[in-house]
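Note sheet for the following structure.
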Ligand code: NAD
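Numbering (this note's numbering), first residue to last: 40 to 460.
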C-alpha cells in the first residue's frame, strides 16, 4: 500500500465519507442533497494563548466542527491529544450526526479537539486551556446550539470548567450547556457507565441472535479509559468471560479469565495496566489478534486496518471506540463472516444518556439511575433491531445499514424543513 493510500485509510473523515457514499447511493439520495449531508455546516479553528505554570505563554490550536443541526442542536465530545487533526474532528462530527439519528434522539453532530498532551500539563494549565477555548467559541455553544461532552482525555472536571465558563459569560448557571458533568452540577446518574453499558446491551442483542451464552463468550477489550473500563467491569459483573484487556501501555491476557476488580484497583494505584500480575503481558495492538469470541475496541480510531483485519479471530466485533475499523478492514471482516456492531450503534449509549442529562437539566428534575438505565437499554435494543432490519431489507452489512437508517432520517428532516433562502 502506498503512503498516500495508507494515510487515506487512516483518515477518519475519508472513512466516514466512504461509508456515507455507499449508503447515500443505495438510498438514492439526489446529488445536491447528498453533498450537503456529507459536508459539515461549520468548522471553527482557534489559536488560544495560555499562561503556563513556568511563566511562559504558549499557543494551542483547537477545533470545533458542527456537522448538522437538521434534527436539533449539535452534540459531540471534546478531546485532548497531541495528534488531534481537523480531518479527524470533521469525520467524528459527521459520525455524531449519524449516531444521534440511529438512536433517534433530537440532536445533530459536532466534535471538538485541542492539540495538547494532557499528561504533561498541570491541572491549572488544563483548566486555563479549557476556559479560553470555551470563551473563544462561546457564541457557537449553548443548550440550543451545541452541547459538548467528554471524549478522549477529557472528563467530568473538564465539562465542569466548560459549563462554568459558559455560565459566567451568560451571567447565570446554564447546566444544560454540557453533558457528562459531575452529578452535583446537573449531571445524570448512569452517564459515567453509559457508553460501556450500551456496548454491553448491543453485545447482549448480538448474543441472542447467535444463541450464545454470556458465560461462554470470551471477550477482549482494547482501551481501559471511560468506555473500556466500564464495559469490562459491567460485562464481567454480568457474567461474560473477559480474557484480555489492554491500554496504551500494553495489557494482560488470561484464557481462564481476568480479575477485573483487581485490574481496576491496580489501574487506580499505578495509572497503567502494565505490570498487572493476573495473566501474561501483551501489547496494545497484539491483543486484537488473540483468539476470542467478542472483540471490543474501546481505545482509539483505525486500530483494525487492511494490515491486521485478517488476523482478527473474534466472530463478533462491538465497536466501543469511534471509527476503530477502516473501510478496507470492513470488507475483510465482512468476507470472513465477522458480525460487526458498528460504532454509531454500539457506543451510542453515551450520547443517549447525554440526551437524558440535557432533558433533566432543562426539566430541573432528576431521574433515578434505574430509570436512566432502563430507558437507555430500551433505546439501544430498539436501535439494534432497526439496524438489523434495515440490513436485511437492503441486503447490506450492519455498518452500511446503520448509515442508511441515519442518513434517511436526517435527509427526511432536511426535506421537511426545506433549504433556507
Ligand atoms: P479515555 O481517554 O478515557 O480512554 C482511552 C483508553 O484507550 C485509555 O485506556 C488509553 O490508554 C487507551 N488507548 C489510547 N490509545 C491506544 C492505543 N493506540 N492502543 C491501545 N490503547 C490505547 O477515552 P474514552 O472516553 O474511553 O474514549 C475511548 C473511545 O471511545 C474513543 O474513540 C472515543 O471517541 C469513544 N467514545 C467515547 C465515549 C464516552 O462517553 N467517553 C462515547 C462514545 C465513544
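Ideal Cβ positions, reconstructed from N, Cα and C, are used throughout, including at glycine.
Grab me the residues of residue i's own chain with a C-beta within less than 6 Å of its C-beta, minus the 5 sequence neighbours each way, in chain order.
{"i": "residue 440", "result": "426, 429, 430"}
{"i": "residue 254", "result": "278"}
{"i": "residue 161", "result": "92"}
{"i": "residue 206", "result": "212, 213"}
{"i": "residue 456", "result": "none"}
{"i": "residue 389", "result": "233, 234"}
{"i": "residue 128", "result": "102, 104, 150, 152"}
Excluding sequence positions up to five away, which residues of its chain have a Cβ less than 7 Å from the Cβ of residue i?
{"i": "residue 299", "result": "271, 272, 275, 281"}
{"i": "residue 56", "result": "77"}
{"i": "residue 126", "result": "50, 51, 52"}
{"i": "residue 190", "result": "116, 117, 118"}
{"i": "residue 166", "result": "200"}
{"i": "residue 54", "result": "130, 362, 365, 366"}
{"i": "residue 90", "result": "96, 167"}
{"i": "residue 132", "result": "79, 104, 105, 106, 115, 148, 149, 150"}
Go through its chain and collect everything with a Cβ distance to residue i's Cβ below 8 Å, but skip five positions before and after it.
{"i": "residue 372", "result": "343, 348, 351, 356, 364, 379"}
{"i": "residue 293", "result": "282, 283, 317, 318, 319"}
{"i": "residue 422", "result": "141, 142, 143, 384, 387"}
{"i": "residue 173", "result": "180, 200, 201, 204, 205"}
{"i": "residue 321", "result": "283, 285, 289, 290, 291, 292, 329"}
Would you tell me roughly how many angstroms separate the C-alpha atoms of residue i and residue j, rounded to the nearest one?
{"i": "residue 288", "j": "residue 101", "result": "26 Å"}
{"i": "residue 315", "j": "residue 259", "result": "16 Å"}
{"i": "residue 433", "j": "residue 65", "result": "8 Å"}
{"i": "residue 393", "j": "residue 71", "result": "32 Å"}
{"i": "residue 154", "j": "residue 193", "result": "12 Å"}
{"i": "residue 424", "j": "residue 377", "result": "18 Å"}
{"i": "residue 120", "j": "residue 99", "result": "11 Å"}
{"i": "residue 412", "j": "residue 237", "result": "9 Å"}
{"i": "residue 382", "j": "residue 360", "result": "7 Å"}
{"i": "residue 396", "j": "residue 179", "result": "20 Å"}
{"i": "residue 262", "j": "residue 303", "result": "13 Å"}
{"i": "residue 240", "j": "residue 88", "result": "43 Å"}
{"i": "residue 68", "j": "residue 295", "result": "50 Å"}
{"i": "residue 306", "j": "residue 246", "result": "29 Å"}
{"i": "residue 75", "j": "residue 251", "result": "42 Å"}
{"i": "residue 458", "j": "residue 450", "result": "12 Å"}
{"i": "residue 73", "j": "residue 341", "result": "25 Å"}
{"i": "residue 399", "j": "residue 408", "result": "12 Å"}
{"i": "residue 256", "j": "residue 335", "result": "12 Å"}
{"i": "residue 111", "j": "residue 391", "result": "14 Å"}
Just curious, the beta strand (DSSP E) that residue i is in, first and last residue?
{"i": "residue 261", "result": "257–261"}
{"i": "residue 82", "result": "81–90"}
{"i": "residue 319", "result": "319–321"}
{"i": "residue 359", "result": "No beta strand (DSSP E) contains residue 359, which DSSP labels as neither H nor E."}
{"i": "residue 71", "result": "Premise fails: residue 71 lies in the alpha helix (DSSP H), 70–77, not in any beta strand (DSSP E)."}
{"i": "residue 114", "result": "113–120"}
{"i": "residue 306", "result": "Unbroken run through residue 306 is the alpha helix (DSSP H), 299–309; no beta strand (DSSP E)."}
{"i": "residue 280", "result": "280–286"}
{"i": "residue 400", "result": "Here residue 400 belongs to no beta strand (DSSP E); instead the alpha helix (DSSP H) covers 388–402."}
{"i": "residue 103", "result": "96–105"}
Mind checking which residues open and close the alpha helix (DSSP H) that includes residue i?
{"i": "residue 146", "result": "Careful: residue 146 lies outside any alpha helix (DSSP H) and carries neither H nor E."}
{"i": "residue 423", "result": "408–433"}
{"i": "residue 249", "result": "230–249"}
{"i": "residue 367", "result": "366–374"}
{"i": "residue 447", "result": "437–456"}
{"i": "residue 141", "result": "125–141"}
Exercise for the section: Decide yes or no for the touch test of the region 187–204 against the region 214–226: beta carbon pairs closer than 8 Å, at least 3 of them. Expected result: Counting C-beta pairs closer than 8 Å gives three or more between the region 187–204 and the region 214–226, which meets the contact rule.
Practice task
Say whether the region 445–459 touches the region 126–139, bearing in mind that this needs 3 or more beta-carbon pairs closer than 8 Å, one atom from each stretch.
Solution key: Between the region 445–459 and the region 126–139 there are three or more inter-stretch CB-CB distances shorter than 8 Å, so the stretches are counted as touching.
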